[in-house]
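Those protein sequence lines, which keep their order, are chains H and V. Numbering-wise (the numbering used here), the first sequence opens with residue 31 and increments by one. Numbering-wise (the numbering used here), the second sequence opens with residue 7 and increments by one. By construction, the Cβ of each residue, glycine as well, lies at the ideal position given by its N, Cα and C atoms. A quick write-up on the structure given underneath.
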Amino acid sequence: MKIILLLILISLLVALGFLVAFLWAVRSGQYEDEYTPSVRILLDDEPSSIQNDNPTNSKK
Amino acid sequence: MQASTPLVTQDQPLSAEPLEGSCYHCGEPCQNTEIFLEEKEFCCEGCKMVYEILHEHDLCRYYQIDDNAGISLKGRRLEHYAYLDDPEVREKLLQYTDGEQSQVRFYLPQIHCASCIWLLENLYRLNEGVSRSEVNFTRKEVRISYLESQTSLRKVVELLSSIGYAPAINLGDVEKPKEKAVSKRLYFQLGVAGFAFGNIMLLSFPEYLGLKGEEDQFFQRLFGYANIVLAIPVLFFSGWDYIRSAALSLRHGHFNMDVPISLGILALFGRSVVDILMSGGAGFMDSLAGLVFFLLIGKWFQQKTFYHLAFDRDYRSYFPIAALVRDGHEERSVPVQKLEPGQTIIVRNGELIPADGLLLKGAARIDYSFVTGEAEPLAKQVGEKLFAGGRQMGERIELTLTKKVSQSYLTQLWNDAAFHKDGDFAAKRLADRVGRYFTFVILLISAVTLAYWIPRDGSIAFNAFTAVLIVACPCAVALAIPFTFGNSIRILAHNRFFLKNVFVLEALRSVQAIVFDKTGTLTGIQQAGIKYQGEPLSSQDRKAVQSLVRQSAHPASRQIDHWLGDTGEPSDVTDFEEITGKGVRGLVLGKRLKVGSGSFVQAPVSQGEGVFVEIDGKLLGRFETGNQYRNGLWEVMRDLKSKFQLYLLSGDNDRERERLEALFDDTKVLHFNQSPADKLNFVKELQAKGLKVCMIGDGLNDAGALRQSDVGIVLTENTNNFTPASDAILHAGQFDRLPDLLDFSRKNINLVYGAYGFAVVYNIIGLSFAVQGALSPVVAAILMPASSISMVFFGVLSSNWLAGRLNLRRWNDKNHPIV
Chain H
31 MKIILLLILI SLLVALGFLV AFLWAVRSGQ YEDEYTPSVR ILLDDEPSSI
81 QNDNPTNSKK
Chain V
7 MQASTPLVTQ DQPLSAEPLE GSCYHCGEPC QNTEIFLEEK EFCCEGCKMV
57 YEILHEHDLC RYYQIDDNAG ISLKGRRLEH YAYLDDPEVR EKLLQYTDGE
107 QSQVRFYLPQ IHCASCIWLL ENLYRLNEGV SRSEVNFTRK EVRISYLESQ
157 TSLRKVVELL SSIGYAPAIN LGDVEKPKEK AVSKRLYFQL GVAGFAFGNI
207 MLLSFPEYLG LKGEEDQFFQ RLFGYANIVL AIPVLFFSGW DYIRSAALSL
257 RHGHFNMDVP ISLGILALFG RSVVDILMSG GAGFMDSLAG LVFFLLIGKW
307 FQQKTFYHLA FDRDYRSYFP IAALVRDGHE ERSVPVQKLE PGQTIIVRNG
357 ELIPADGLLL KGAARIDYSF VTGEAEPLAK QVGEKLFAGG RQMGERIELT
407 LTKKVSQSYL TQLWNDAAFH KDGDFAAKRL ADRVGRYFTF VILLISAVTL
457 AYWIPRDGSI AFNAFTAVLI VACPCAVALA IPFTFGNSIR ILAHNRFFLK
507 NVFVLEALRS VQAIVFDKTG TLTGIQQAGI KYQGEPLSSQ DRKAVQSLVR
557 QSAHPASRQI DHWLGDTGEP SDVTDFEEIT GKGVRGLVLG KRLKVGSGSF
607 VQAPVSQGEG VFVEIDGKLL GRFETGNQYR NGLWEVMRDL KSKFQLYLLS
657 GDNDRERERL EALFDDTKVL HFNQSPADKL NFVKELQAKG LKVCMIGDGL
707 NDAGALRQSD VGIVLTENTN NFTPASDAIL HAGQFDRLPD LLDFSRKNIN
757 LVYGAYGFAV VYNIIGLSFA VQGALSPVVA AILMPASSIS MVFFGVLSSN
807 WLAGRLNLRR WNDKNHPIV
C-alpha cells in the first residue's frame, strides 16, 4: 500500500508541472491574442524570388 | 486621428466573387472611372498605386488570401508625417529603443482579414530596415521592430500609410502614460485554483467512498494534511481578493456581495482545518477550492473586453500630435504641446485646428460638426477667431495662435470637472444590494442555530454554525450575474451593440428618458447613399467639381465632396455664385461649372431628381442623394415613444424643426442650437428631476452629456472610428434594432431574478442539512458544484432564449462573426 504514497507524489508533481506550464503560457502572453496565430499558421511562405534574396530576414 | 473618414470596408459584407466593375484592390464598385492596369480595374488612383507597390515587391499573394482585401483609398487624406522625426515625439511613441534597434506598436484600425495579417507580417519585404512585424488581430495592432541605421520611424509609418494601413497616431498616444500590460493576475489565480481543486478532489475521493481500518487511518490523515497544504494558496492567493474587498466594504460600513462570500470561504477553511487537525476528519477543502474556482470563472466570463473599442477617449484621441509652424519662409513640424501663442501655423484641407487662433490668410471653411454638432461648415474671414477642434475644409489656411492647446476654449471645456463623471455604479449594483440582505439573513439563521444548539450540544453547535455559513455561501447568487450578464453582453456584441461592462446592463434597466443628438445620430451624413449616373467624370472634372462644391455649405455639396474623395489640393474657384435652393456655379480650371437642381441646369424632366452636373454647357450626369435620416427611424421612434420620455438636443439650427416635430410628436422636447455645455446641463436638469437618463450621441459635442447621463450610448458608422467616452457603442447599421436591443438589455434582469430563485431552492436544501449539524463533506461536495454548474447553464441558456425571442443574433451564430 505504501506504493500509493509514491504514486500520489508523482501525480502531484505531474499536476504541478502542468500548472507551471500554464503560468508560463500566461506570462509569455499566449492568452493575449487567441486569434492571430490560428490564421498565421495557415499562411505559408510561397517561394518568391525576393524572399530568396533575403535569407537573413526571416518571417516572424 | 481622423474621426470621420471611413477607411475600412469591413462593415459591409465583402462579396466572394470579384464583381464586374469592382476594384481589384478594395472591391468597391468602380463608379464611372476608367483606371486600368494589366486588365485589372481600380476604383481610384490610390488603390492602383498600392497594387503597383505590392506587385513590384512580389506581394500579390495579398489578393489571393482574401478577395478584395485591400483598403479603399477613396476619400483618404494625405497625412504629413514630418513630425515623426522630432526626437521628443519619437521617444514617446517608441516602446523600446537602444539606438540601433527600435520597437513600436501601432493601432491600425484597417486590419480586417487574413490578408492584412500576411501583408503586415511581410513588411520586411517592402522595407529592409524592418526586422520583424507581428500583428495582433483582435487588438488591431502591429508591433514593428526596425533598425535605426536602415530606416526611421517616419519611413515605417509612411510605408504603412502608402499601402493603406495608415496608423492612428494622436495626441492621446503621447500625452497619456503608456498602457500597462494587461492584468494576468486573474489567469494566475484561476490556474492555481483549478490546480488545487482537481488535486483536492482526487485526495478527497477515498473519503467519499469511506475509509476504514488502521492503514486507512494513516492515509486519511495524510490526505487531510495534503489538502490543507493545497488549500493554502487557494485562500491566500486565488480567493484573497474577495476577502480584501469584503474587509474594505465593511470598513466603509456597507455590505457588498463579497462579504457573504468571504464568510463562506473563511468558514470553510477554518472548519476544515479544525476538522482535519483536531478530529482527523476530512474537512471541506474540496468545496472551498471548487467555490473559489467557479467564482473566478464567473469573474473571468463577465470580463469580456472589446479590445478594438475604447470607451474612455477624450479630446486627445482626436487631436493631431504635431502642427506645421511657419517661421518666416520656413515650415517645420512642432508637437502641439509645444505650440505657443503668437506662432503662425498652417492648417491644410481636412486637418484639425489644434488651438484657438486668428485667421491670418486663406478662406477658412471650418467644420465644427464633431465639436458642436452644427451640420454645416462655417465660412470665416481673415481676422476672425477660430476654435480648436474645427476641421478645415478647402484650401490651406494660416492662423496666429492666441492660446496654448491646453488652454483653448474647447479643451478647457473638456477638462472641466463636470466632464469627469465618477462611476457611481457601486452603489447601484444589484448584486451588492442582494448581498446586503443575504448577509443579514445568513447571520440571523446562524445565530438562531447557535442559540438553539449551545444549551443542547456544544460540538454540534460549532458544526451547525459553520455549516450554515458554508452552505449559505452565495455561490449560486454570486454566479447568476456573471454568467447571465456575461453571456448577454456577448449576444449584444454580436448584434453590434457593445457594452463597456456588465454593469451597463443594470444601469439600462432603470432608464426612463432618452436624449437624442441629431447630427450624426438621427441623421447620418456619410451613410446616405449617393450615386452618380451619367457620363464618366475625368479626373480633371472630378477635381473641378469638388473644388466648386467645397465652396458651398449645403449638405448635398458635402455629400458630393465626400463621394469624390481625395482629388488633391483644391483649385481656385472664380465667379462663384450660390443660388439658394438651386445650386452653385463658378469657373474652375478654365471650365464653367454648374452643379444643382434640374431646373437650375435646365435638364429635361425625364432625367428625374437629383443634383445635376453641367460643364461648359454640357449636361454630364446627376448625383442621386439619399435620405439623410437613418433607416427605420420612424419605427424606432414609435416604439421608444411608448416606453420612454424622448428628447432631442441638437447643436444645429432649427431648419428641420417641422420634420422632427412629426417624429417626436411634441415640440417642447426639441432643443436646438445647443452647445456642448448646454447639452450637459440639460441632462443634469433631467437627472435633478429624478429621471434616469440615457444619452445617445455621436460626436465630441455630446461628450459631456454622454458622461453625465446614466448610460451614454455612442452611435458610430464604423466601430473602428474614434468615439467619445461612453458606456456603450452601437453600430449605426443596427440603429433600427435599437428598441429590441434595449428591450433585451432591460429584460435581462428578470433572468437574474430567475437564477436567484434557483439559488434560494439550493439554499433551503443545504440549510435544512446545516441547521441540524448534519452537513457531511459529501453532501457539500455535491451540492455546491451542482448549484454552481446549474447557474452557468441557466444563465447562458436563458439569455440565449431571450435573444431568440427578440430575434437577436445569438452568440453561437457562426454566420455572423463578431468583428
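Length of the line joining the Cα atoms of residue i and residue j
{"i": "Gly105 (chain V)", "j": "Gln156 (chain V)", "result": "12 angstroms"}
{"i": "Gln413 (chain V)", "j": "Tyr61 (chain H)", "result": "42 angstroms"}
{"i": "Arg67 (chain V)", "j": "Phe48 (chain V)", "result": "17 angstroms"}
{"i": "Gln387 (chain V)", "j": "Asp64 (chain V)", "result": "51 angstroms"}
{"i": "Ala804 (chain V)", "j": "Thr490 (chain V)", "result": "Sequence check: residue 804 (chain V) is Ser here, not Ala. Going by the C-alpha atoms only, they are around 8 angstroms apart."}
{"i": "Leu652 (chain V)", "j": "Phe325 (chain V)", "result": "33 angstroms"}
{"i": "Cys122 (chain V)", "j": "Ala75 (chain V)", "result": "7 angstroms"}
{"i": "Gln608 (chain V)", "j": "Glu641 (chain V)", "result": "38 angstroms"}
{"i": "Glu404 (chain V)", "j": "Gly334 (chain V)", "result": "12 angstroms"}
{"i": "Pro35 (chain V)", "j": "Ala437 (chain V)", "result": "52 angstroms"}
{"i": "Lys690 (chain V)", "j": "Lys698 (chain V)", "result": "10 angstroms"}
{"i": "Ala562 (chain V)", "j": "Arg70 (chain H)", "result": "44 angstroms"}
{"i": "Val555 (chain V)", "j": "Pro542 (chain V)", "result": "18 angstroms"}
{"i": "Gly772 (chain V)", "j": "Gly779 (chain V)", "result": "11 angstroms"}
{"i": "Arg250 (chain V)", "j": "Asp264 (chain V)", "result": "9 angstroms"}
{"i": "Thr406 (chain V)", "j": "Ser339 (chain V)", "result": "15 angstroms"}
{"i": "Ser605 (chain V)", "j": "His568 (chain V)", "result": "24 angstroms"}
{"i": "Ser88 (chain H)", "j": "Glu58 (chain V)", "result": "The pLDDT assigned to Ser88 (chain H) is 41, lower than 50, so where the model puts this residue is not dependable; a value taken from the coordinates is nonetheless given after this. Using only the alpha carbons, I get a separation of about 24 angstroms."}
{"i": "Ile33 (chain H)", "j": "Ala473 (chain V)", "result": "36 angstroms"}
{"i": "Gly441 (chain V)", "j": "Pro266 (chain V)", "result": "7 angstroms"}
{"i": "Val95 (chain V)", "j": "Glu337 (chain V)", "result": "18 angstroms"}
{"i": "Ser452 (chain V)", "j": "Phe52 (chain H)", "result": "40 angstroms"}
Cross-strand partners of residue i (DSSP beta bridge)
{"i": "Leu721 (chain V)", "result": "V:Leu736"}
{"i": "Ala519 (chain V)", "result": "V:Gln651 and V:Val699"}
{"i": "Val590 (chain V)", "result": "V:Glu584 and V:Val601"}
{"i": "Thr525 (chain V)", "result": "Thr525 (chain V) is not bridged to any residue."}
{"i": "Phe629 (chain V)", "result": "V:Tyr538 and V:Val617"}
{"i": "Arg644 (chain V)", "result": "Per DSSP, none; premise fails for Arg644 (chain V)."}
{"i": "Asn142 (chain V)", "result": "V:Glu147"}
{"i": "Thr406 (chain V)", "result": "V:Thr350 and V:Leu364"}
{"i": "Arg111 (chain V)", "result": "V:Arg149"}
{"i": "His63 (chain V)", "result": "For His63 (chain V), which the question treats as bridged, DSSP gives no partner whatsoever."}
{"i": "Ile41 (chain V)", "result": "V:Phe48"}
Residue-level contact to chain B via CB, residue i, 9 angstroms cutoff
{"i": "Leu73 (chain H)", "result": "Here the protein chains are H and V, and chain B is not one of them."}
As assigned by DSSP and simplified to three states, the class of residue i
{"i": "Phe503 (chain V)", "result": "strand"}
{"i": "Ala172 (chain V)", "result": "coil"}
{"i": "Asp622 (chain V)", "result": "coil"}
{"i": "Ser545 (chain V)", "result": "helix"}
{"i": "Asp373 (chain V)", "result": "strand"}
Same chain, Cβ closer than 7 angstroms to residue i, five either side skipped, listed in chain order
{"i": "Val785 (chain V)", "result": "Phe775"}
{"i": "Ala486 (chain V)", "result": "Val758, Ala761, Tyr762, Ala765, Met797 and Gly801"}
{"i": "Pro360 (chain V)", "result": "Phe325, Pro326, Ala329, Val342, Leu345, Ala394 and Val411"}
{"i": "Leu37 (chain H)", "result": "none"}
{"i": "Phe227 (chain V)", "result": "It should be noted that the sequence gives Arg, not Phe, for residue 227 (chain V). Correct list, in chain order: Gly286."}
{"i": "Leu812 (chain V)", "result": "Asp746, Asp749 and Phe750"}
{"i": "Ala45 (chain H)", "result": "none"}
{"i": "Asn659 (chain V)", "result": "Phe678 and Asn679"}
{"i": "Phe203 (chain V)", "result": "Ala295, Gly296 and Phe299"}
Residue i: CB within 8 angstroms of a non-hydrogen atom of the ligand MG
{"i": "Ser293 (chain V)", "result": "For the structure depicted, the ligand MG is absent and the ligand set is empty, with no information on it obtainable."}
Close-in-space but distant-in-sequence residues of the same chain around residue i (CB under 8 angstroms, 5 per side omitted)
{"i": "Ile497 (chain V)", "result": "Phe750, Ser805, Asn806, Ala809, Leu814, Arg815, Arg816 and Trp817"}
{"i": "Leu511 (chain V)", "result": "Phe491, Ser494, Ile495, Leu505, Ser751, Asn754 and Ile755"}
{"i": "Ile476 (chain V)", "result": "Gly270, Ala273, Leu274, Arg277, Phe290, Ser293, Ala776, Leu781 and Ala786"}
{"i": "Leu209 (chain V)", "result": "Phe229, Ala232, Asn233 and Leu236"}
{"i": "Ile169 (chain V)", "result": "Val56, Ile59, Leu60, Leu125 and Leu132"}
Cβ neighbours of residue i in the same chain (closer than 6 angstroms, five flanking residues each side left out)
{"i": "Asn133 (chain V)", "result": "Thr157 and Leu165"}
{"i": "Gln109 (chain V)", "result": "Gln101, Tyr102 and Ser151"}
{"i": "Asp581 (chain V)", "result": "Gly592 and Leu593"}
{"i": "Ser577 (chain V)", "result": "Ser553, Val594 and Leu595"}
Inside the region 277-349 of chain V only - alpha helix (DSSP H) runs reaching at least 4 residues: You should have 291-308.
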